[in-house]
Each structure stands twice: as structure tokens, then as C-alpha cells.
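Q: Starting off with a structure, shown below.
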Amino acid sequence: MTVPSGSAATPDGVTLVITERVRPSQVPAYEAWAHRVQALLAKHPGFVGLHVLRDPSRPTPEYITLLRFASQAALDAWRHDPTYRKMLEELPAFTAAEVDYREARGLEAWFDRPASLPAPPLWKTVLVGFVGVYPLILLFTWLARPLTQDWVWWAAILPSAFLATLFLNWPVLPLLSRTLRRWLYPAR
Numbered sequence: 001m002t003v004p005s006g007s008a009a010t011p012d013g014v015t016l017v018i019t020e021r022v023r024p025s026q027v028p029a030y031e032a033w034a035h036r037v038q039a040l041l042a043k044h045p046g047f048v049g050l051h052v053l054r055d056p057s058r059p060t061p062e063y064i065t066l067l068r069f070a071s072q073a074a075l076d077a078w079r080h081d082p083t084y085r086k087m088l089e090e091l092p093a094f095t096a097a098e099v100d101y102r103e104a105r106g107l108e109a110w111f112d113r114p115a116s117l118p119a120p121p122l123w124k125t126v127l128v129g130f131v132g133v134y135p136l137i138l139l140f141t142w143l144a145r146p147l148t149q150d151w152v153w154w155a156a157i158l159p160s161a162f163l164a165t166l167f168l169n170w171p172v173l174p175l176l177s178r179t180l181r182r183w184l185y186p187a188r
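In terms of the UniProt record's numbering, the sequence shown is residues 1 to 188.
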């Protein structure tokens, strides 16, 4: 078992991305364990939220869990929490491979990055984000127009901004990152 390690000091706000491949026979037990971990997380100072992406279609189901912390210090405190460390000892019973832990900042957390490669340059993530968000804003602005045409301009943008953000985070950015994987992560 590898305990996730920290990185050097970073700006506030960090996401811990955990990728786990779970043995098919252990899925119910793993999910019960994950719910216990999530209940512990909910009480942890500096914990902001989580998102779990499940891919049960593979022969070995894959879970990608995004844990958002307000700061690097909050994440580091979570890593050293004795109850969490004790719970980590149970994890190998459920998993079919080594668990991958990585930290991400900003939109980087939503990119489907191969575990062995470094994050793409910021300019590439910004460009992919723009390619994802611009069509969404156009679409949702057009769809909301009948409802919002008499609203003040800043309020008329709100439904489009909300829906674009929702769809950008899932499924657009993960889909774009998979589609553009060779460009984002060229062979080194």
C-alpha cells in the first residue's frame, strides 16, 4: 500500500485525484468502505467537496475520486489523520492494482491524465477549456433566450453560465481530454 504523499507548497485550493481499480467481487464492500471515508471527510476542516466518477463498464471497475480541499495545509492534515491512515490499510483488500494519487489545481483535475505523465502545460488546458466552454455558452444562451430576453444583461447570462459550468465539468472536459490525449500528452 502506498500512502499518498504531499507536494511542495502551492496556492490555496487543491484537488486530490485518486484512481482505483476495484475487483468486481469487491465492489459492494469497496463502496461501503468509500462511504465511511466520505463520512469522515465531511467532518475534516478544510474539506470542500468530492466528486466520484465511476466506470463500471470495464472488466475491472474504475473509480476516480476528486477530493477538493481549501488549501494544501488542509490536504496535508487529511493525509496525516490517524483514522484515515487506519482506513487506508483496508483498501488493498478491494483493489486490483496499485492506487494512483495525484494533486491537481484548477481545471487540471478534470483532465483524464495518464498516471505516469506530468500535467499538460497551462496554455493547453486553457485552450481545451475554451474549446469546451464556448459552444456550451452559445448553446445555453440560445436555449435560454426565450426565458431571459427581457432580463437585465448580467442576469440573463446566469442560466448559461451555470449550465455551461455544470456540463463543462462533466462530461465535456473529461471527454475532450480523452479525445485530445495525444496532443495534451505527446510521447516523451
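The beta-carbon is built from N, C-alpha and C at its ideal position, and this holds for glycine as well.
Which value, in whole angstroms, describes the spacing of the CA atoms of ALA74 and GLY46?
A: 5 Å
Q: In angstroms with no decimal places, state the Cα-to-Cα distance between SER57 and LYS86.
A: Straight through space, the alpha carbons of LYS86 and SER57 are spaced by roughly 30 Å.
Q: Assuming ALA34 is part of the alpha helix (DSSP H), what are its boundary residues?
A: 27-42
Q: Restricting to Cα atoms, I'd like to know which of LEU40, PRO146 and HIS51 is closest to PRO82.
A: LEU40
Q: Reducing DSSP to helix, strand and coil, say where ASP55 ends up.
A: In this structure, ASP55 counts as strand in the three-state DSSP scheme.
Q: By how many angstroms is the C-alpha of LEU139 removed from the C-alpha of GLU103?
A: About 32 Å.
Q: Hey, how far is the Cα of LEU136 from the Cα of GLN72?
A: 32 Å
Q: Excluding five sequence neighbours on each side, which residues of the same chain lie with their C-beta closer than 8 Å to the C-beta of LEU175?
A: none
Q: GLU20 to TRP123, Cα distance in whole Å?
A: 29 Å
Q: Beta carbon of THR60, beta carbon of ALA34: below 8 Å?
A: Taking 8 Å as the Cβ cut-off, THR60 and ALA34 do not qualify as a contacting pair.
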